[in-house]
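**Student:** Chains as they are written, first to last, in this note's numbering: chain A, 46 to 391; chain B, 46 to 391.
Please find one structure pasted underneath; my questions will follow.
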């Protein structure tokens with residue numbers, strides 16, 4: 046039985062490689078017939094392809110210094126139009142080719158938070174050879190309260206279960222030590238709440254070493270620490286692989302060795318390739334959003350569209366809600382209007 | 046002219062390799078004649094060597110779950126005796142073979158904070174090929190106020206100038222974006238204060254990518270984020286080098302390549318070897334403390350003793366005080382007694 050066709054709204058602006066490359070990714074994803082793409086971007090730069098409807102939206106706010114303000118003041122921006130297509134029900138999920146900040150701000154403003162969610166979070170599938178883990182929050186909320194961290198745990202678990210097919214994902218809390226007493230006051234409070242949370246496989250605190258050990262499927266932290274985590278990882282990997290390359294050019298002998306080793310190391314390069322993972326996920330809104338890395342090419346964009354479709358088919362927002370309800374972790378009292386992406390908690 | 050002989054108090058307990066290996070490090074450092082070591086540890090396990098006075102102190106609190114309590118309740122512990130030798134003036138600086146928490150707690154209790162310092166910090170020389178940078182705080186203070194971050198900046202600058210011989214060290218603030226408005230409220234406030242700080246070469250905010258770019262000589266952050274930074278870096282490097290090793294065993298061709306490349310990669314292994322850097326530094330006490338990594342062997346211990354001696358000769362505490370005074374960043378009102386190492390701010 047063929048799966049029902051889903052519609053994904055895709056913002057073509059903001060990717061490093063330009064709108065034409067994003068459009069090539071859309072064409073790749075639509076070729077299978079299960080995904081229809083509404084592509085918002087500069088019509089003149091985009092080649093037509095089957096299954097891709099292009100809406101001319103040349104205005105980009107991907108580089109705006111204040112995404113929240115840009116979203117409100119620029120209704121014709123491509124990301125705003127893409128998000129509104131999702132909010133209106135013309136599309137089932139969002140994929141943004143560019144700025145995380147603009148996608149988050151537009152998503153909060155137009156798609157809105159899912160019922161019972163304190164704060165949406167930005168979750169990144171970290172490419173570890175063999176088994177990626179989900180790190181959240183990676184920058185949506187630089188300051189969080191313990192109940193936010195608890196919700197992130199359930200949001201991450203629901204995502205890994207529904208989209209990545211992992212039964213009983215192991216959820217860990219990032220801290221500066223494995224003991225339950227380690228960390229800031231908020232982290233210690235979140236640990237205590239998670240230790241008793243219903244329906245959650247809580248693996249306790251993990252340290253930064255967990256980046257390479259595979260000991261958790263979901264790692265929960267605040268958006269400031271998560272952002273540092275991700276960038277230190279990328280920076281370290283880049284510096285090391287650069288150093289290995291330099292070592293392999295340092296002598297005739299090393300050059301010969303480097304040539305022989307190259308095919309095997311190519312596999313490693315692929316295994317930690319962020320393009321293979323689809324990018325970051327906006328969790329906690331009424332609809333799923335995916336923000337590929339700005340450096341992605343067509344393959345990465347296509348992978349992001351496929352993950353968004355998988356998230357829609359497995360209904361990540363509903364699964365998240367069920368988990369939070371079962372654990373008694375839904376937001377009870379209505380909060381004032383959602384805080385914009387980059388403004389810290391008062 | 047021969048330099049005046051300095052005395053360093055060294056705790057032999059707590060290192061992974063055991064007291065005998067720490068004693069071998071002491072012997073190495075003392076062999077030059079410029080350093081005298083008072084070594085506190087189990088006499089029975091330690092071979093005598095010239096320039097090393099052994100004080101029998103078999104009790105170790107290196108693995109204590111609550112270092113502050115252990116320090117207060119165990120006056121005969123080797124780290125407490127070593128720290129008291131520094132406090133009494135029998136030694137000029139401290140090197141601990143083992144636990145950071147115990148060294149910090151004992152240092153706070155017996156050596157005390159330097160005049161005008163809010164909080165001591167744990168600073169780590171991060172081994173980047175070519176030019177290491179100093180990261181602080183790496184775990185002494187999981188929660189900090191902006192004025193603490195400002196002091197860490199000056200403490201780090203004084204250290205890099207005095208001990209590493211770097212003129213006008215570039216000091217950066219870790220955040221989730223380079224713009225001055227990025228980060229938590231406290232980070233934004235610290236940025237504003239540092240931007241106008243006298244006598245400081247402030248390089249602005251850096252992201253986690255700075256781990257590999259060499260763009261700063263000192264990177265300032267809170268102890269929670271610094272701890273995560275360091276461990277993500279170590280975890281990523283370990284996982285990648287393991288993967289390179291595995292790739293080099295994946296086929297006969299790759300094996301041949303690996304063998305040819307090995308000598309060149311050995312240089313890389315040395316360049317990022319934490320032993321070469323001497324470990325972590327306890328800054329902000331009346332005397333300098335050095336805490337080598339628990340995994341260090343004799344060479345790493347010897348390097349730590351040499352760095353401690355260099356810190357004494359260049360009088361890091363006095364230079365730090367001068368910098369803070371010139372910048373108007375000394376603590377004005379006396380604070381209540383120093384907070385213990387692992388207890389968050391009330």
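Just so you know, even glycine gets a beta-carbon here, dropped at the ideal spot from N, CA and C.
Taking only the alpha-carbon atoms, compute the straight-line gap between residue 168 of chain A and residue 58 of chain A and give it to the nearest angstrom.
**Tutor:** Between residue 168 of chain A and residue 58 of chain A, the C-alpha separation is close to 21 Å.
**Student:** Beta-carbon within less than 6 Å of residue 81 of chain A's beta-carbon, same chain only, minus the 5 sequence neighbours each way: which residues are those?
**Tutor:** Hits under 6 Å: 50, 52, 96.
**Student:** Can you pull out the residues from the region 279-291 of chain A whose beta carbon lies closer than 9 Å to at least one beta carbon of chain B?
**Tutor:** Correct list: 279, 280, 281, 282, 283, 284, 285, 286, 287, 288, 289, 291.
**Student:** May I have the straight-line CA-CA distance separating residue 205 of chain B from residue 214 of chain B, to the nearest angstrom?
**Tutor:** So the alpha carbons of these two residues sit roughly 7 Å apart.
**Student:** Which same chain residues end up closer than 6 Å to residue 61 of chain B when comparing Cβ atoms and leaving out the 5 residues on each side of it in sequence?
**Tutor:** Contacts found: 339, 340.
**Student:** What do you get for residue 118 of chain B, buried or exposed, if any count of 16 or more other CB atoms within 10 angstroms of its CB means buried?
**Tutor:** So residue 118 of chain B ends up on the exposed side.
**Student:** Just the C-alpha distance for residue 202 of chain B and residue 290 of chain A, rounded to the nearest angstrom, thanks.
**Tutor:** In a straight line, the C-alpha of residue 202 of chain B is about 33 Å away from that of residue 290 of chain A.
**Student:** Measure the C-alpha to C-alpha separation of residue 264 of chain B and residue 278 of chain B and round it to an integer number of angstroms.
**Tutor:** Rounded to whole angstroms, residue 264 of chain B to residue 278 of chain B spans 14 Å at the Cα level.
**Student:** In angstroms with no decimal places, state the Cα-to-Cα distance between residue 244 of chain A and residue 368 of chain A.
**Tutor:** Distance between the alpha carbons of residue 244 of chain A and residue 368 of chain A: 7 Å.
**Student:** Do residue 140 of chain B and residue 337 of chain B have their C-beta atoms within less than 9 Å of each other?
**Tutor:** In contact: residue 140 of chain B and residue 337 of chain B (Cβ atoms closer than 9 Å).
**Student:** Look at residue 223 of chain B and residue 250 of chain B and say whether their C-beta atoms are less than 9 Å apart.
**Tutor:** Yes.
**Student:** Which one of A/356, A/376, A/370, A/350 has the shortest CA to CA distance from residue 70 of chain A?
**Tutor:** Considering only alpha carbons, the answer is A/350.
**Student:** In whole angstroms, what is the alpha-carbon distance linking residue 247 of chain A and residue 216 of chain A?
**Tutor:** Near 5 Å, if we compare the C-alpha coordinates of residue 216 of chain A and residue 247 of chain A.
**Student:** Check whether the region 75-91 of chain A touches the region 107-115 of chain A, counting contact only when three or more Cβ pairs, one atom from each stretch, lie closer than 8 Å.
**Tutor:** Short answer: they don't touch.
**Student:** Buried or exposed for residue 352 of chain B, going by 16 or more other Cβ atoms inside 10 Å?
**Tutor:** Under this definition residue 352 of chain B is a buried residue.
**Student:** Contact defined as beta carbons within less than 8 Å: I believe residue 327 of chain B pairs with residue 179 of chain B. What is the distance between those atoms, to the nearest angstrom?
**Tutor:** That pair is no contact at about 13 Å.
**Student:** CB-CB under 6 Å to residue 122 of chain B, same chain, minus the five flanking residues each way: which ones, in chain order?
**Tutor:** 104, 106, listed in sequence order.
**Student:** If we cut at 9 Å on Cβ distances, does residue 306 of chain A have a partner in chain B?
**Tutor:** By this cut-off, residue 306 of chain A is an interface position.
**Student:** Using the Cβ count rule (16 or more neighbours within 10 Å means buried), how would you classify residue 93 of chain B?
**Tutor:** Residue 93 of chain B should be labelled exposed.
**Student:** Assign residue 294 of chain B to one of two classes, buried (16 or more other C-beta atoms within 10 Å of its C-beta) or exposed (fewer than that).
**Tutor:** Result: exposed.
**Student:** Mind checking which residues open and close the alpha helix (DSSP H) that includes residue 280 of chain B?
**Tutor:** It spans 268-292 - the alpha helix (DSSP H) in which residue 280 of chain B sits, taken as one unbroken run.
**Student:** Just how far apart, CA to CA, sit residue 135 of chain B and residue 147 of chain B?
**Tutor:** When rounded, the distance between both Cα atoms is 20 Å.
**Student:** At what residues does the beta strand (DSSP E) containing residue 395 of chain B begin and finish?
**Tutor:** With chain B running from 46 to 391 in the structure shown, residue 395 of chain B is simply not present.
**Student:** For chain A, is any of its Cβ atoms less than 9 Å away from the one on residue 108 of chain B?
**Tutor:** Cβ-Cβ to chain A under 9 Å: no for residue 108 of chain B.
**Student:** With DSSP collapsed to three states, give me the class of residue 119 of chain A.
**Tutor:** Residue state, collapsed to three classes: coil.
**Student:** Could you tell me the boundaries of the alpha helix (DSSP H) in which residue 364 of chain A lies?
**Tutor:** That run of the alpha helix (DSSP H) goes 361-371.
**Student:** Is there at least one Cβ from chain A nearer than 9 Å to residue 250 of chain B's Cβ?
**Tutor:** For residue 250 of chain B, the answer is no, since every Cβ of chain A falls outside 9 Å of its Cβ.
**Student:** How about residue 164 of chain A and residue 193 of chain A: are their beta carbons less than 9 Å apart?
**Tutor:** Yes; because the gap between Cβ atoms is below 9 Å, this pair is in contact.
**Student:** Could you have a look at residue 217 of chain B and say whether DSSP puts it in helix, strand or coil?
**Tutor:** Reduced to three states, the DSSP call for residue 217 of chain B is strand.
**Student:** To which residues does DSSP link residue 101 of chain B through a beta bridge?
**Tutor:** According to DSSP, residue 101 of chain B bridges with B/86.
**Student:** Taking Cβ positions, are residue 189 of chain A and residue 267 of chain A nearer each other than 9 Å?
**Tutor:** It is a contact, given that the beta carbons lie within the stated cut-off.
**Student:** If you drop the 5 nearest sequence neighbours on each side, which residues of the same chain put their C-beta closer than 6 Å to that of residue 364 of chain A?
**Tutor:** Hits under 6 Å: 203, 207.
**Student:** Would you give the residue range spanned by the beta strand (DSSP E) that residue 249 of chain A belongs to?
**Tutor:** Where residue 249 of chain A is concerned, the enclosing beta strand (DSSP E) stretches over 246-251.
**Student:** So what's residue 375 of chain A in DSSP terms, helix, strand or just coil?
**Tutor:** Coil, per DSSP.
**Student:** Using C-beta distances below 8 Å, list every residue in its chain close to residue 242 of chain B, excluding the 5 sequence neighbours before and after it, in chain order.
**Tutor:** 195, 198, 199, 372, 374, listed in sequence order.
**Student:** Taking CB distances under 9 Å as the criterion, tell me whether residue 254 of chain B reaches chain A.
**Tutor:** Yes, residue 254 of chain B counts as interfacial toward chain A.
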